[in-house]
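Q: Input: one structure, supplied below.
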Amino acid sequence: MFGLPRTGQSSRVEPPSRGIDPAGVRPEGGGPGSPVPAPTRVIRLDDILAKVRAYAPDADLDLVKRAYVFGERAHSGQLRHSGEPYFTHPMAVADILADLQLDIDSIAVALMHDTVEDTGATLDEIGRYFGPDIAEMVDGVTKLSKLDYRSAEEHQAENFRKMILAMAKDIRVILVKLADRTHNMRTLEHMREVKQRRIAQETLDIYAPIANRLGIQSLKVELENLAFRYLHPEQYEKIAAALGSRQAEHERLIRHSRELLVQRLAPHHPGCAVSGRLKHLYSIYRKMLEKRLEVDDVSDLVAVRILVEDVASCYGALGVVHSLWPPISERFKDYIARPKATGYQSLHTTVIAEGGGRIEVQIRTHEMHAFAEYGIAAHWRYKEGHLALTPEEIEKFTKLRQLLQWAEQIPDSREFLDTIKVDLFADEVYVYTPKGEVRWFPKGATPLDFAYSIHTDLGHRCVGAKVNGRLVNLAYSLESGETVHIQTSASQKPSRDWLKMAVTSRARQKIRQYLQAEEKEKARELGRGVLERELKRYDVSLGRVTKDGTLEKVAGDLKVGAVHDLFLKVGYGRLDPERVVQALVPDERRVPKEQAQEQEARGLQALIRSLQRKRAGSPVRIDGTDNMLVLFAKCCRPLPGDPVVGYISRGRGVVVHSSDCSQALQADPERRLDVEWAKNTDTLHPVQIRVVTLDQPGVLANLTHAIGKLKINISKADVRTTHDQRGIITFEVLVKDVAQLVIVQNSLEALKGVISVQRVRGGS
Ligand code: MN
């Protein structure tokens, strides 16, 4: 995925300072025993250099040393609130970035990030000594520091996060800013309480979500826990204490499940790594709020992580986990098949361990894990002296950086974010509702997908959309960043064509449900009409036998269910209306009365009128896919594309003829029903073609080969030889429509030895 180091051990991909204690029970981001990370330790230049050297042996450490000297001099004499020399802060920020294994440019910038704002140093100087790129990054961090959340014109956190993303020319600027905030949070105890709360709130609103959006779990978790501690100290202590009291129990559960997993996994998945941990405090707190639970009622405090070599092993390991402990099925999430919008990939499952305790298990590859921990930062990491990027990734991220540079010229931060998102998540589009909410769709989604995502009825009535104020039709492909306003009409309803336009499974399912219901209704109506007409011939009123329960009894005797099922079965052609007539009309009466003919004609007209009215004057659409009583006449075998006409036949529903068919011309015009082909159906229709050839060896083989090459199936073939040495071969092939038939005809005509090719009308 990202070409990150893979050693088969998780140690390489864990940030050293935040490594997960394999058997330990420290919650992520500081545990009950140590609610705040270790007291500020003095970081020396050599510590940072050693860290960088370990992951980037070829890096130009001189740059870091020079930045150190510059920053140290600039801040000399300044103190932090804690009383320590100010420069301990830039050093700590550089150290956090070294833990993220960032490139030396970022580390150099970290060492100088506060110089322009807080000291006499100027950007010009930095540009002179370190080059324009570094100066630009320092400038970026300085500008971000001047952004004031409190005075932001729009007080919405989301807008402010966008502004921050928009202002940075280089994503690394944001990474430096996140590390800066992380260290400030670690040392927040030295601030006044009012300031503590404000900074903690801002961290929770702005910086933790940015870390999350950039996919850097390690920073996100730490920022959340620290902010939580200052915003809700009592809750924090309560949870920490509760966890502390159950420490032995958790420790046992983690150790036991870890041993069991290693024992089962190791033989089949060399290079797998299993670690256990407690969930982080803020995530426990959020779950308590969400589910209105007390801390003692939160059952899944323990999480186990399995790292394996490849995707196949992820699913293999999942099988092992589920064979050891029963899973809670609704908690299973496959983020490998469907990654989160941040690119996060993993399998999540929750299982019930021995004794009833729950364990959340995350399974992913080492690479996915590195991406989960470092997120976007992973793209600037070194691998043996080089950036850990493939050429494609370099291209992608060069483009991203360019986008970030353009961003400065884009006054609207939303527009900026739109550009970034388009690039990072190319297979998805996101659009805004009129209220400004964001919705994600697979690429190619249309207004229909959007409408159905909001409400089924909105989908059913959708006639198009206004996209950024411009009217578009149903087939329009939505583009990221567009604002979509669905247009509806009360007379609109779904049609089969819609299935070609909708791409989301939700929309397609809703359309299909509607069409099925509609088709059933049509079939039911047809069945009722057919029965009504048949019964009228014997002077039996369908209305009366329905009302007095006779028909219900007949339906029962015929074992078709209720009366409406009986109509449906007749409409679908699964029940011969004659059987119903037999049950309702005594044998001696089953000779049509004199006036029956006349009545029938009237009844027929009424049926046709009602069928046509239902379709608002439009012809009855036929596509051969619905099982409605539609038959294609054997005499002319019409194909989609042929002009057609329908005739209502006694007890057989609608028979569709070619409009030039001689039999159709002879039929009773009273029974005529306008029909038309549905668009774009894939139903195959049998059609016969007669090929006259010279009687030569190999001709038949050539013909079948030519048809096969067009991927068309032959359902029948008949070969005769005439006395004048000609071969007459009749094929029955299955085609979609006339156009496809013409292709077949043309390719056969082109063959050597073929004299003529003709479509055969009329049965054989
Ligand atoms: Mn700072």
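Going by the working numbering, the letters in the sequence shown line up with residues 1220 to 1983, in that order.
By construction, the Cβ of each residue, glycine as well, lies at the ideal position given by its N, Cα and C atoms.
If you're wondering where the values come from, they're calculated on a predicted model, not measured in any experiment.
(1) For residue 1944, which residues of its own chain have a beta-carbon under 8 Å away from its beta-carbon, when the five flanking residues on both sides are left out?
(2) Taking just the CA atoms, how far does residue 1446 sit from residue 1321?
(3) Identify the continuous alpha helix (DSSP H) that holds residue 1526 and give its terminal residues.
(4) Go to residue 1397, then tell me how far its alpha helix (DSSP H) extends in each direction, as first and last residue.
(5) What residues are listed by DSSP as bridge partners for residue 1985?
(6) Verify the contact flag: residue 1358, CB atom, against every heavy atom of the ligand MN, threshold strictly below 6 Å.
(7) With a threshold of 6 Å (Cβ to nearest heavy atom), would residue 1314 be considered close to the ligand MN?
(8) Given 8 Å as the limit, is there contact between the segment 1482-1493 and the segment 1522-1537, that is, 3 or more CB pairs closer than that?
(9) With distances taken from each beta carbon to the nearest heavy atom of the ligand MN, which residues come in below 6 Å, in chain order?
(10) Measure the CB-CB distance between residue 1313 and residue 1326 and report whether it falls below 7 Å.
(11) Looking only at its chain, what residues have a beta carbon closer than 7 Å to the beta carbon of residue 1966, apart from the 5 residues adjacent to it on each side?
(12) Taking just the CA atoms, how far does residue 1306 sit from residue 1291?
(13) Quick check on the DSSP output: the beta strand (DSSP E) that includes residue 1950 runs from which residue to which?
(14) When the Cβ atoms of the segment 1717-1732 are set against those of the segment 1759-1779, are three or more pairs found closer than 8 Å?
(15) Residue 1581 by DSSP, collapsed to three states: which one?
(16) Return helix, strand or coil for residue 1941, following the three-state DSSP convention.
(17) Roughly how many whole angstroms lie between the Cα atoms of residue 1418 and residue 1404?
(18) In the DSSP assignment, find the unbroken beta strand (DSSP E) run with residue 1491 in it and report its ends.
(19) In chain order, which continuous runs of the alpha helix (DSSP H) of length 4 or greater are located wholly inside the segment 1415-1489?
(20) Could you pull out every unbroken alpha helix (DSSP H) segment of at least 4 residues lying fully inside the segment 1713-1755, listed in chain order?
(21) Taking only three categories from DSSP, how would you classify residue 1689?
(22) Is residue 1854 helix, strand or coil when you go by DSSP?
(23) In chain order, what residues of the same chain have a beta carbon less than 6 Å from the beta carbon of residue 1964, not counting five sequence neighbours either side?
(24) Shorter than 7 Å from the beta carbon of residue 1588 to some beta carbon of chain C?
(25) For residue 1704, which beta-bridge partners are listed by DSSP?
(26) Thinking C-alpha only, which one of 1458, 1471, 1572 and 1954 is nearest residue 1542?
(27) CB of residue 1458 to nearest heavy atom of the ligand ZN: below 6 Å?
(28) Return yes when the Cβ of residue 1692 is within less than 7 Å of the Cβ of residue 1702, no when it is not.
(29) Where does the unbroken beta strand (DSSP E) through residue 1923 begin, and where does it stop?
(30) Going by C-alpha to C-alpha distance, which of 1948, 1476, 1555 and 1734 sits closest to residue 1918?
(31) If we ignore side chains and look at the alpha-carbon of each, how far apart do residue 1745 and residue 1752 end up?
(32) For the 8 Å Cβ check, are there 3 or more pairs between the segment 1421-1430 and the segment 1396-1413?
(33) Hey, how far is the Cα of residue 1438 from the Cα of residue 1592?
(34) Of the choices 1362, 1776, 1550 and 1414, whose alpha-carbon is the least far from that of residue 1392?
(35) With distances taken between CB atoms, is the gap from residue 1726 to residue 1671 smaller than 7 Å?
(36) Please return the same chain residues whose Cβ sits closer than 7 Å to the Cβ of residue 1909, not counting the five positions on each side in sequence.
A: From the atom records:
(1) Here residue 1944 refers to the residue found at position 725 when the sequence shown is read from its first residue. If we look at residue 1944 and ignore the five residues flanking it on each side, its Cβ neighbours are 1913 and 1914.
(2) Translated into positions along the sequence shown, residue 1321 becomes position 102. Translated into positions along the sequence shown, residue 1446 becomes position 227. For residue 1321 and residue 1446, the distance between alpha carbons rounds to 25 Å.
(3) As a position in the sequence shown, residue 1526 is number 307, starting the count at 1. Unbroken run through residue 1526 is the beta strand (DSSP E), 1521-1527; no alpha helix (DSSP H).
(4) Within the sequence shown, numbered from 1, the residue matching residue 1397 stands at position 178. Its alpha helix (DSSP H) spans residues 1390-1405.
(5) The structure shown does not extend to residue 1985, since the chain is modelled only from 1220 to 1983, so the question has no answer here.
(6) Taking the sequence shown and counting its residues from 1, one reaches residue 1358 at position 139. No; taking the cut-off as 6 Å, the Cβ of residue 1358 has no heavy atom of the ligand MN nearer than that.
(7) The sequence position of residue 1314 within the sequence shown is 95, counting from 1. At a threshold of 6 Å, residue 1314 does not count as near the ligand MN, since its beta carbon sits no closer than that to any of the ligand's heavy atoms.
(8) yes
(9) 1308, 1332, 1333 and 1399
(10) Start at 1 with the first residue of the sequence shown, and residue 1313 comes out as number 94. Start at 1 with the first residue of the sequence shown, and residue 1326 comes out as number 107. A contact, by the Cβ cut-off of 7 Å.
(11) Position 747 of the sequence shown, counted from the start, is the residue given in the question as residue 1966. Result list for residue 1966: 1925 and 1929, in chain order.
(12) Residue 1291 sits at position 72 when you count from the first residue of the sequence shown. Residue 1306 sits at position 87 when you count from the first residue of the sequence shown. Cα to Cα, the separation comes out at about 6 Å.
(13) Here the question's residue 1950 lines up with position 731 in the sequence shown. Looking at the DSSP string, the run of the beta strand (DSSP E) that includes residue 1950 is 1945-1954.
(14) no
(15) Position 362 of the sequence shown, counted from the first residue, corresponds to residue 1581. Residue 1581: strand per DSSP, three-state reduction.
(16) Position 722 of the sequence shown, counting from 1, holds the residue named residue 1941. Coil at residue 1941, not helix or strand.
(17) Within the sequence shown, the letter at position 199 stands for residue 1418. Within the sequence shown, the letter at position 185 stands for residue 1404. If I take the Cα positions, the gap works out to 8 Å.
(18) Along the sequence shown, read from residue 1 onward, the residue named residue 1491 stands at position 272. First-last for residue 1491: undefined, no H or E at that position.
(19) 1427-1432, 1436-1450, 1452-1464 and 1466-1484
(20) 1717-1720 and 1724-1755
(21) To locate residue 1689, count along the sequence shown from 1; it is residue 470. Strand at residue 1689.
(22) Walking along the sequence shown from the start, residue 1854 turns up at place 635. If DSSP states are grouped into helix, strand and coil, residue 1854 belongs with coil.
(23) Residue 1964 sits at position 745 when you count from the first residue of the sequence shown. Correct list, in chain order: 1976.
(24) Of the protein chains in the structure, only one exists, and it is not chain C.
(25) For the purposes of this step, residue 1704 is taken as the residue at position 485 of the sequence shown. The partner list for residue 1704 (beta bridge, DSSP) reads 1685.
(26) Counting from 1 along the sequence shown, the entry for residue 1542 is found at position 323. The shortest C-alpha separation from residue 1542 is found at 1572.
(27) Among the ligands modelled here, namely the ligand MN, the ligand ZN does not occur.
(28) On the sequence shown, position 483 is the one that residue 1702 refers to. On the sequence shown, position 473 is the one that residue 1692 refers to. In this structure, residue 1692 does not lie closer than 7 Å to residue 1702 by Cβ.
(29) What you label residue 1923 is simply residue 704 of the sequence shown in a count that begins at 1. Here residue 1923 belongs to no beta strand (DSSP E); instead the alpha helix (DSSP H) covers 1918-1928.
(30) Position 699 of the sequence shown holds residue 1918. Selected option, being the one with the closest Cα: 1948.
(31) Position 526 of the sequence shown, counted from the first residue, corresponds to residue 1745. Position 533 of the sequence shown, counted from the first residue, corresponds to residue 1752. Cα-Cα distance, rounded: 11 Å.
(32) yes
(33) Looking up residue 1438 in the sequence shown gives position 219. Looking up residue 1592 in the sequence shown gives position 373. Going from the Cα of residue 1438 to the Cα of residue 1592 covers about 8 Å.
(34) Counting from one through the sequence shown, the residue named residue 1392 turns up at place 173. The residue with the shortest Cα to Cα distance from residue 1392 is 1362.
(35) The count along the sequence shown starts at 1 and reaches residue 1726 at position 507. The count along the sequence shown starts at 1 and reaches residue 1671 at position 452. Result yes, Cβ atoms of residue 1726 and residue 1671 sit closer than 7 Å.
(36) Stepping through the sequence shown from its first residue, residue 1909 is reached at position 690. Answer for residue 1909: 1947, 1949, 1977 and 1979, listed in chain order.
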